[in-house]
Amino acid sequence: MKKLLSTLTLAAAMVVGGPVLADDYPTKSIDMIVPFSAGGGNDTFVRALQPLLEKQLGEDLVIRNIPGGGGAVGMSRAVASKADGYTLLAASNAMLTLEAMGNVPFKHTDFDFIAKVIEEPYVIAVGGDSQYANLEDLVNAATSGTTIKVGVSGVGSSAHIAAVAMANRTGAEFNIIPYPGGSEAISAAMGGHVDAVVLGGAELRSALQSGRLKALAMSYAERSDSLPDVPTFQEQGYDLTLTVWRGIAAPKGLPADVEKRWVEAIKQIVADGSYEETAKNLGTQVSPLYGDELDAFIDQSADVMREAAGDLAK
172 MKKLLSTLTL AAAMVVGGPV LADDYPTKSI DMIVPFSAGG GNDTFVRALQ PLLEKQLGED
232 LVIRNIPGGG GAVGMSRAVA SKADGYTLLA ASNAMLTLEA MGNVPFKHTD FDFIAKVIEE
292 PYVIAVGGDS QYANLEDLVN AATSGTTIKV GVSGVGSSAH IAAVAMANRT GAEFNIIPYP
352 GGSEAISAAM GGHVDAVVLG GAELRSALQS GRLKALAMSY AERSDSLPDV PTFQEQGYDL
412 TLTVWRGIAA PKGLPADVEK RWVEAIKQIV ADGSYEETAK NLGTQVSPLY GDELDAFIDQ
472 SADVMREAAG DLAK
């Protein structure tokens, strides 16, 4: 009888042309796939949002870390899930990097992007006792025959592509050395095994604050509130603007009213300022986008990544 009632309920919903119980969404816990290990940038971003989202949505948000393949494993799980709003993805430009490198069977157009919530700059930093006092010193050395080794997190990662873009725009020749993760690249820079490291600002924040690393430049168009003493590439004469962004996406086909529910929740969190201080402490800044503006931003970012990935392949 229970099975029959469920079938009749589904049929009734289909007759009126709407998803089942969409108006009451959510009615159960929601899985949020983080396609990286615990403790990374995507994971930290979502865990900081978790209690605020649970308060807005009225249901538990279950964070599921599914690492592997530079994020490909978790993203593949997400894109294959039902588009019912109960399995979502902690998204970032890592998805666009994988797509640009041709490393995954899916495209960003296979997802519905709900919101971009935060962003941070890429930063190039050197050891605290490095001989390179500023970006000009590093670029001059690299263009004068000195081998400059730059650590990044992973072959073909967004940080790797950012380092290539930095080399291209400054005219420097970097010997880019990929490490398994950001922490290893940071340790290499602090230990003098590489001359510099390129990562997202949030990942470098602790080492910068302690003086174990010093930042030479960041990739925002203007200085960041979270890293106010770090000059931009732009103000040092180099036309380079890149950001690390983080947000929330769903498998393609998310019901419009479910997306609206999520957007309303995130807008409320942004409006009441409950996440802003947390984001600042993480070395990021709240920079929300939704709807058509978000879709245009994602498409443009995908184009930039494809161009940079082409340079990496040369």
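At position 214 of the sequence shown the residue is numbered 385 (my numbering), and the sequence of numbers has no breaks.
Virtual Cβ for every residue (Gly too), placed ideally from N, Cα, C.
Quantities reported herein were computed from a predicted structural model and do not represent experimental measurements.
Taking C-beta atoms under 8 Å as the contact rule, residue 289 and residue 397 fail to qualify, at a distance of about 10 Å. DSSP places residue 327 outside both helix and strand once states are collapsed to three, so it counts as coil.
Taking a 10 Å sphere around the C-beta of residue 430, we find 16 or more other C-beta atoms and assign the residue as buried.
About 7 Å separates the CB atoms of residue 297 and residue 360; that is less than 8 Å, so the two are in contact. Of the residues assessed, residue 414 falls on the buried side of the cut-off, its CB having 16 or more other CB atoms within 10 angstroms. The stretch 250-266 makes no contact with the stretch 377-393: fewer than 3 CB pairs, one atom from each, lie closer than 8 Å. By the 16-neighbour rule on beta-carbons within 10 angstroms, residue 443 is exposed. Exposure of residue 317 is indicated by the presence of fewer than 16 other C-beta atoms within 10 angstroms of its C-beta. Taking the CA atoms as reference points, residue 382 sits about 6 Å from residue 299. In the DSSP assignment, residue 390 is bridged to no other residue. Judged by DSSP secondary structure, residue 309 falls outside any beta strand (DSSP E) and instead within the alpha helix (DSSP H) spanning 306-313. Residue 291 is bridged by DSSP to 415. The DSSP assignment places complete beta strand (DSSP E) segments of no fewer than 3 residues inside the stretch 392-480 at 414-422 and 456-460, in order along the chain. Taking one beta carbon from each stretch, the stretch 332-345 and the stretch 300-320 have 3 or more pairs nearer than 8 Å; the two touch. Per DSSP, residue 274 has no beta bridge partner at all. Across the set 195, 401, 477 and 445, the C-alpha of 445 shows the shortest separation from the C-alpha of residue 221.
Within the same chain, Cβ atoms closer than 7 Å to the Cβ of residue 278 are found at 270, the five residues on either side in sequence being excluded.
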